[in-house]
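Engineer: Numbering (our numbering), first residue to last: -1 to 308.
Cβ atoms here follow ideal geometry from the backbone N, Cα and C, with glycine treated the same way.
(1) If we require 3 or more residues per run, which beta strand (DSSP E) segments fall completely within the stretch 2 to 61?
(2) Residue 206 lies in the alpha helix (DSSP H); which residues open and close that run?
(3) So residue 54 and residue 34 are supposed to be a Cβ contact under 8 Å. How far apart are they, rounded?
(4) Alpha carbon to alpha carbon, how far is residue 37 from residue 65? Give it in angstroms, no decimals.
(5) With residue 242 as the anchor, note down where its beta strand (DSSP E) starts and where it stops.
(6) Within 10 angstroms of the Cβ of residue 255, are there 16 or more other Cβ atoms? Answer buried if so, exposed if not.
(7) Is the beta carbon of residue 17 sitting closer than 9 Å to the one on residue 298?
(8) State the CB to CB distance for the pair residue 210 and residue 264, rounded to an integer number of angstroms; the pair is presumed to be in contact (CB under 8 Å).
(9) Strictly by DSSP, which residues pair up with residue 304?
(10) At the level of alpha carbons, what is the spacing between residue 295 and residue 267?
(11) Please state the DSSP three-state secondary structure of residue 189.
(12) Starting from residue 269, follow the alpha helix (DSSP H) in both directions and report where the run begins and ends.
(13) Apply the 10 Å Cβ neighbour rule to residue 10 and answer buried if 16 or more other Cβ atoms are within range, or exposed otherwise.
(14) Would you report the Cα separation of residue 84 and residue 42, rounded to the nearest angstrom?
(15) Excluding the five sequence neighbours on either side, which residues of its own chain have a C-beta within less than 6 Å of the C-beta of residue 252, listed in chain order?
(16) If I'm right that residue 87 touches residue 246 with Cβ under 8 Å, what's the distance once you round it to whole angstroms?
(17) Between the stretch 97 to 107 and the stretch 57 to 74, are three or more C-beta pairs nearer than 8 Å?
(18) Quick check on the DSSP output: the alpha helix (DSSP H) that includes residue 85 runs from which residue to which?
(19) Out of 286, 70 and 184, which one is the CA nearest neighbour of residue 4?
(20) Can you tell me where the alpha helix (DSSP H) holding residue 261 begins and where it ends?
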């Protein structure tokens, strides 16, 4: 039995379709989706439609889907922060039916494979306190650990298994399954820790492990368990050009440009922008500087001066 595992689509229908087409050529028997289907790229409606129509799919929610209930309780009159404009406009364009479907998805799932092995699916592994950013849970810290060199397949495996091995009791004790499948970090990896097989298929729609494309994984549930990491190439420039024409990308143009830079490079540009914006807010004595539009825009100008225009 072959199970395709995908996570972190982030509104990128081109990446999702590329991965699904590849999975079909690999003759997978089913699909497991690990959350974060919406926001960032402007095609969340198309992504949700694809998921709702896909047969033989198990689907859980991520933290992005959790935003929907919070947004529903807010007054849209207060939706003025440019930093969040992509989120606000995506919410407006999602249908009530799609929002309800996403909100109703389970946060975690445990099921048994034909071999008898059990699999626990969750968007993000619960980390022990204090939840400090590190090379396992932060794409920005992972990029810094590479010291400018390109990532290879083993880089994240070593960090993932090392960290989880050191914190096995806190991280995996609640997951009474042979296999733990998770996403959220935007970093593809797999390996053994905590007496279990750990699988992160990578962020299909927004990888940040230094390698562009549409990553996912195939779990081979045979006499021996095997995880096959895959990364499908697709026309990223064409996807970006289509995105430029949308109201979502126009509304949140800075965030969208950061998304596009990350798609082309496979690297985390958001952490860099946030670091600059926080420093600028501190210079200006602002406690809510990230949501001050002038500070957010000025930070992006500094970002481009430091890292180049897209």
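Structural biologist: Judging by the given coordinates:
(1) 28 to 31 and 55 to 57
(2) Here residue 206 refers to the residue found at position 208 of the chain shown. Where residue 206 is concerned, there is no enclosing alpha helix (DSSP H), given that its DSSP letter is neither H nor E.
(3) Sequence index remark: in the chain shown, residue 54 carries index 56 (1-based). Sequence index remark: in the chain shown, residue 34 carries index 36 (1-based). The pair is not a contact, with the Cβ atoms about 21 Å apart (cut-off 8 Å).
(4) To locate residue 65, count along the chain shown from 1; it is residue 67. To locate residue 37, count along the chain shown from 1; it is residue 39. One C-alpha to the other measures close to 10 Å.
(5) In the chain shown, residue 242 corresponds to position 244, counting from 1. Premise fails: residue 242 lies in the alpha helix (DSSP H), 234 to 242, not in any beta strand (DSSP E).
(6) Along the chain shown, one-based indexing puts residue 255 at 257. Answer is buried; the Cβ neighbour count reaches 16.
(7) Numbered from its first residue, the chain shown carries residue 17 at position 19. Numbered from its first residue, the chain shown carries residue 298 at position 300. No. Outside cutoff.
(8) If you number the chain shown from 1, residue 210 lands on position 212. If you number the chain shown from 1, residue 264 lands on position 266. Indeed they touch by this definition, with Cβ atoms about 4 Å apart.
(9) Locating residue 304 in the chain shown gives position 306, counting from the first residue. Answer is none; residue 304 lacks a bridge partner.
(10) Reading the chain shown from its first residue, position 297 is the one you call residue 295. Reading the chain shown from its first residue, position 269 is the one you call residue 267. Straight across, the Cα-Cα distance linking residue 295 with residue 267 is about 15 Å.
(11) On the chain shown, residue 189 is found 191 positions in, with the first residue counted as 1. In this structure, residue 189 counts as strand in the three-state DSSP scheme.
(12) Taking the chain shown and counting its residues from 1, one reaches residue 269 at position 271. Counted as a single uninterrupted DSSP element, the alpha helix (DSSP H) harbouring residue 269 occupies residues 268 to 281.
(13) Against the chain shown, residue 10 aligns to sequence position 12. The residue in question, residue 10, is buried, as its Cβ has 16 or more Cβ neighbours within 10 Å.
(14) Counting from one through the chain shown, the residue named residue 84 turns up at place 86. Counting from one through the chain shown, the residue named residue 42 turns up at place 44. Cα to Cα, residue 84 sits roughly 11 Å from residue 42.
(15) Residue 252 sits at position 254 when you count from the first residue of the chain shown. Excluding positions up to five away in sequence, the list reads 298.
(16) By 1-based counting over the chain shown, the position of residue 87 is 89. By 1-based counting over the chain shown, the position of residue 246 is 248. Yes, residue 87 and residue 246 are in contact; Cβ-Cβ is about 5 Å, under 8 Å.
(17) Judged by Cβ distances under 8 Å, the stretch 97 to 107 makes contact with the stretch 57 to 74, as three or more pairs qualify.
(18) As a first step, residue 85 must be located in the chain shown, where it is residue number 87. Element bounds for residue 85: 83 to 91.
(19) In the chain shown, residue 4 corresponds to position 6, counting from 1. For residue 4, the nearest C-alpha among the options comes from 184.
(20) As a first step, residue 261 is located in the chain shown; it is residue number 263 there, counting from the start. That run of the alpha helix (DSSP H) goes 251 to 263.
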